[in-house]
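Going by the numbering used here, the first residue of the sequence shown is number 1252, and it counts up by one from there.
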Amino acid sequence: MFGNDISIDLGTTTMLVYIKGKGIVLDEPTVIAVDTDTNEVVGVGNEALEMIGRTPPNIKAIHPLHDGVISNYTLTQEMIKRLFKKALRRVPGRPRIMMCVPSGITDVEQRAVIEAAREVGAKDIYVIEEPVAAALGAGFDISRAHGTMVIDIGGGTTDIAVISLGGVVSSRSMKIAGDEFTEEIIRYMRREMNLHIGPRTAEKLKITVGGVIKREKETLCEARGISSITGLPRMITVSSNDLYEIFDDFVYNITERAREVLEDTPPELHGDIIHDGIIMTGGGSLLYGLDKRISRELGVECHLADNIMECVVKGSGIALDQIDTVTDPTHIFHKKAYIHE
């Protein structure tokens, strides 16, 4: 990889920028805060995240990506520009950029991602499917005629794929991931506890007491919100025993898509997957017991990647490093049509 080559994991909730030799130089939320009276941007990244739920009505903190794709192109472009300025101060010249995209992305959605990167002055732009990048970042040699299965659960999408010879053999992409887990907690608290809570409180509950299997030892977490009965501030204690069953539908959908991927995979590769197990990456995979539930449902061991939050961005960096050495790079990424003339 050249000194000014970078890889980017532009996620629904977080953007990571990786430079070989320097590691991850940016890890900030994909949030932008806008003054709706003047249309001026008042913050991005960590600064904007702190504003969620704490601003006057004219200040809106927005996630411009939804379900893994760009929902507001103008705000996404502005957010990327500003976050790039933080990261690219360390990179001279016009960098080559490798962008990670969900495996189920449409041509229109992919073009929006590419154009957003193009606007910040990239020299050449490449894209790589997230499960391929995740497998590379987890340390797998995907160039062999060997089946590797990845379940990558991010903030907006879950990507499931079997990879062999550097390409995707079978895949599914679904818009059920970490953000949906958080939203379900908000709905549950409103429905069962008569308490309105915000996304940051729900995220705290998800991490502290959330899960998909019953914990051996009950854990507790305080939640503050607004009572739907009195309209006044209220604090309650939430138990891990309250939450572990509310994600059953999500787990079912993920495992069913994984079954479909396995059904579409040639039998010759099944032995490799059974031997190696399924690798799980992405922050959503950290939901307590999710790896065990999927293992139980599929009958195949699931393993959490060591660097679970960084696999995708580091894997895309590895792929970018291979652009000038592999015989046919289109097996790993899509080079054509995204290079500046």
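Cβ atoms here follow ideal geometry from the backbone N, Cα and C, with glycine treated the same way.
Query	Result
C-beta atoms of GLY1568 and ILE1404 nearer than 8 Å	no
Boundaries of the alpha helix (DSSP H) in which GLU1469 is found, first to last residue	Taken as a continuous stretch (DSSP letters only), GLU1469 belongs to no alpha helix (DSSP H), as it is neither H nor E.
Whole-angstrom distance between LYS1465 and ASN1290, CA atom to CA atom	47 Å
Which of helix, strand or coil DSSP assigns to TYR1495	coil
Residue interval of the alpha helix (DSSP H) (run including SER1567)	1562-1572
Beta-carbon proximity of GLY1462 to SER1491, cut-off 8 Å	yes
Pair within 8 Å by beta-carbon distance, THR1408 and PRO1353	yes
Among VAL1295, ILE1257 and ASP1288, the one whose alpha carbon lies nearest that of PRO1308	ASP1288
Extent of the continuous beta strand (DSSP E) to which SER1258 belongs	1256-1261
Cut-off 8 Å between Cβ atoms - residues of its own chain near LEU1520, not counting five sequence neighbours on either side	HIS1397, GLY1398, VAL1413, SER1415 and VAL1420
Per DSSP, the bridge partner or partners of HIS1447	ILE1477
Residue closest to THR1265, alpha-carbon to alpha-carbon, out of GLY1274, ILE1259 and GLU1279	GLU1279
Backbone CA spacing between ILE1393 and ARG1347 [nearest angstrom]	23 Å
Cβ neighbour criterion (16 or more within 10 Å) applied to TYR1324	exposed
Through-space distance from ILE1530 to ARG1544, alpha-carbon basis	14 Å
Rounded separation between ILE1436 and THR1532 - CA only	22 Å
Residue range of the unbroken beta strand (DSSP E) whose run includes ASP1619	Nothing about residue 1619 can be reported from this structure: the residues present for the chain run from 1252 to 1592 only.
Alpha carbon of ILE1259 to alpha carbon of ASN1504, nearest angstrom	28 Å
Counted within 10 angstroms of its Cβ, other Cβ atoms place LEU1326 as buried (16 or more) or exposed	buried
Whether ALA1509 touches VAL1489 by CB criterion (8 Å)	no
Residues that GLY1296 bridges to, as DSSP identifies them	Looking at the DSSP assignment, GLY1296 forms no beta bridge with any residue, so it has no partner.
Reduced DSSP category for ARG1423 - H, G, I as helix; E, B as strand; rest coil	strand
Selected residue, minimal CA-CA separation from GLY1296, among ILE1313, LEU1549 and GLY1304	ILE1313
Presumed contact (8 Å Cβ cut-off) between HIS1317 and THR1357, rounded CB distance	HIS1317 to THR1357, Cβ: 14 Å. No contact.
C-beta contact flag for GLU1561 and ARG1423 at 8 Å	no
Of the listed residues ARG1547, GLY1528 and ILE1525, nearest to THR1506 (C-alpha basis)	ARG1547
Sequence-distant residues of the same chain with beta carbon closer than 7 Å to HIS1447, five excluded per side	ARG1441, GLY1476, ILE1477 and SER1479
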